[in-house]
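S.K.: All residue numbers for the sequence shown refer to full-length UniProt numbering, where the first residue is 1 and numbers rise by one.
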Amino acid sequence: MNKTKLKIAALLGGIILCTSSAYASLDEAKQLKIISYNVYNGMKLDESEGKQQYIDWAKAQDADIIAWQEMNFFTREKLEKFAAGYGHKYAVLLKESPDDPAFFPVAITSKYPIVNVNKVVDNLWHGALFADVGNYHFVITHMNPFWTAKRIDEINLIIDSIKYSRDPNGKWIIAGDLNSFSPADKADYDKSTLLEDIKEKQKKRPILENLVNGQLSYTVQQNLLDAGYIDALKLKHKEFISTAPTKVFYDQASVPLRYDYIYVSPPLKNNVIDVKVLKDDFTDKYSDHYPVQMIINNK
């Protein structure tokens, strides 16, 4: 084969490879890695240009989908550029208000197209982002931090939104900071000083109503469990694993607690391979919450 033919063959080979890469789809992935992360007030502890520290961390995780909470000061354009930095071509922000430090939007980014987006802000404190990636239905939310009664209303709205959707029995993933306690953790909380800690906080901030009859409430999580959803972390770990506080203390309890969850619907239960709370040098100091990671079989 002469040099001209070799060059043509090489060029054609490169085109085929590029085309094949460009058309890689979700269907070709054997597994999916999903992370949910409350990043603390717009990643304010990362002072680098464009939040490069977060980009470097996300790039190292190589997740397929990331659910973000507290994406303050982000706009659609900023989120898309940020996500592209760690290889996610698709990004959706629930709402944007670049100048409001108390806006607390959620977001989702993905290697694969995000479709059928529904941004719900009515009757929810921070809102909920409903979006599909393939045939996976995601609900990304950050629940009311002040009042238990409002959180119960919010979770019931989310449960009903799924119940009356076009695919109520499909593959649903609910992720985010639910600001509430799981009955699966009750025995551990009973042995801790969490109740006293919350009572003390409520004395200092009368706006807070996070107890019911002076006790911890498990109703938010119980309603999810009663609706058939599965606490992914507890599916793989029976022991208590906290998601807050980190080495950064803000307004979370000073004793270990779990506010950050990934729930899955029954069709995904047997697909869950691994779930963990990601605790490393980065997550120790860049937010007051630790992220939760779930790996599932894509089938």
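Quick reminder that beta carbons are idealized off the backbone N, C-alpha and C, glycines included. Note that the structure is a prediction, hence the values are computed from the model and not measured.
Return the CA-CA distance between residue 21 and residue 28, expressed in angstroms with no decimal places.
M.R.: For the purposes of this step, residue 21 is identified with residue 21 of the sequence shown, where counting begins at 1. For the purposes of this step, residue 28 is identified with residue 28 of the sequence shown, where counting begins at 1. Any reading at residue 21 must be qualified, since the residue scores a pLDDT of 44, below 50, and its modelled position is unreliable; the value itself is stated next. Roughly 11 angstroms between the two C-alpha positions.
S.K.: Identify whether residue 110 lies in helix, strand or coil by the three-state DSSP scheme.
M.R.: Translated into the one-based positions of the sequence shown, residue 110 becomes position 110. The answer is strand: DSSP assigns residue 110 an E or B state.
S.K.: What's the gap between the Cα of residue 116 and the Cα of residue 130?
M.R.: If you number the sequence shown from 1, residue 116 lands on position 116. If you number the sequence shown from 1, residue 130 lands on position 130. Cα to Cα, residue 116 sits roughly 8 angstroms from residue 130.
S.K.: Quick one, which of 119, 193 and 184 has its alpha-carbon nearest residue 161's?
M.R.: For this step, residue 161 is matched to residue 161 along the sequence shown. Ranking the options by Cα distance to residue 161, first place goes to 119.
S.K.: Check whether the stretch 213-226 touches the stretch 152-159, taking contact to mean three or more Cβ pairs, one atom from each stretch, closer than 8 angstroms.
M.R.: Result yes; three or more Cβ-Cβ pairs closer than 8 angstroms.
S.K.: Output needed for residue 185: all residues of its chain with C-beta closer than 7 angstroms, excluding positions within five of it in sequence on either side, in chain order.
M.R.: Looking up residue 185 in the sequence shown gives position 185. So the list reads 240 and 258, once near-sequence residues are dropped.
S.K.: Can you check which of these residues, 277, 79 and 75, is closest to residue 55 by C-alpha distance?
M.R.: Working through the sequence shown from its first residue, we reach residue 55 at position 55. Per the Cα distances, 79.
S.K.: With DSSP as the reference, please indicate the residues paired to residue 230 in a beta bridge.
M.R.: Indexing the sequence shown from 1 puts residue 230 at position 230. DSSP lists 264 as partners of residue 230.
S.K.: Quick one: Cα of residue 57 to Cα of residue 224, how far?
M.R.: Residue mapping note: residue 57 aligns to position 57 of the sequence shown, counting from 1. Residue mapping note: residue 224 aligns to position 224 of the sequence shown, counting from 1. About 31 angstroms.
S.K.: Between which residues of its own chain and residue 228 is the CB-CB distance below 6 angstroms, once the five residues before and five after are set aside?
M.R.: Looking up residue 228 in the sequence shown gives position 228. For residue 228, where only same-chain residues beyond five positions count, the Cβ hits under 6 angstroms are 266.
S.K.: Short of 7 angstroms in beta carbon distance, which residues of its chain neighbour residue 121, apart from the five on each side in sequence? Order them along the chain.
M.R.: Numbered from 1 along the sequence shown, position 121 holds the residue referred to as residue 121. 95 and 127.
S.K.: Between which residues of its own chain and residue 109 is the CB-CB distance below 6 angstroms, once the five residues before and five after are set aside?
M.R.: Looking up residue 109 in the sequence shown gives position 109. Closer than 6 angstroms at Cβ, skipping near neighbours: 66, 83, 88 and 91.
S.K.: How would you label residue 302, buried or exposed, when you count the other beta carbons within 10 angstroms and need 16 or more for buried?
M.R.: The question about residue 302 has no answer here: the residues shown for the chain are numbered 1 through 299.
S.K.: Less than 8 angstroms between the beta carbons of residue 287 and residue 176, yes or no?
M.R.: The residue given as residue 287 occupies position 287 in the sequence shown. The residue given as residue 176 occupies position 176 in the sequence shown. No, these two residues do not count as a Cβ contact at 8 angstroms.
S.K.: So the alpha helix (DSSP H) residue 282 belongs to, where does it begin and stop?
M.R.: Here residue 282 is taken as the residue at index 282 of the sequence shown, counted from 1. Residue 282 -> alpha helix (DSSP H) spans 281-285.
S.K.: Can you tell me which of 263, 278 and 279 puts its alpha carbon nearest to the alpha carbon of residue 272?
M.R.: Translated into the one-based positions of the sequence shown, residue 272 becomes position 272. Ranking 263, 278 and 279 by Cα distance to residue 272 puts 263 first.
S.K.: Compute the beta-carbon to beta-carbon distance between residue 208 and residue 138, rounded to the nearest angstrom, for a pair I have assumed lies under 8 angstroms.
M.R.: In the sequence shown, residue 208 corresponds to position 208, counting from 1. In the sequence shown, residue 138 corresponds to position 138, counting from 1. Their Cβ separation, rounded to whole angstroms, is 30 angstroms, which puts residue 208 and residue 138 out of contact at 8 angstroms.
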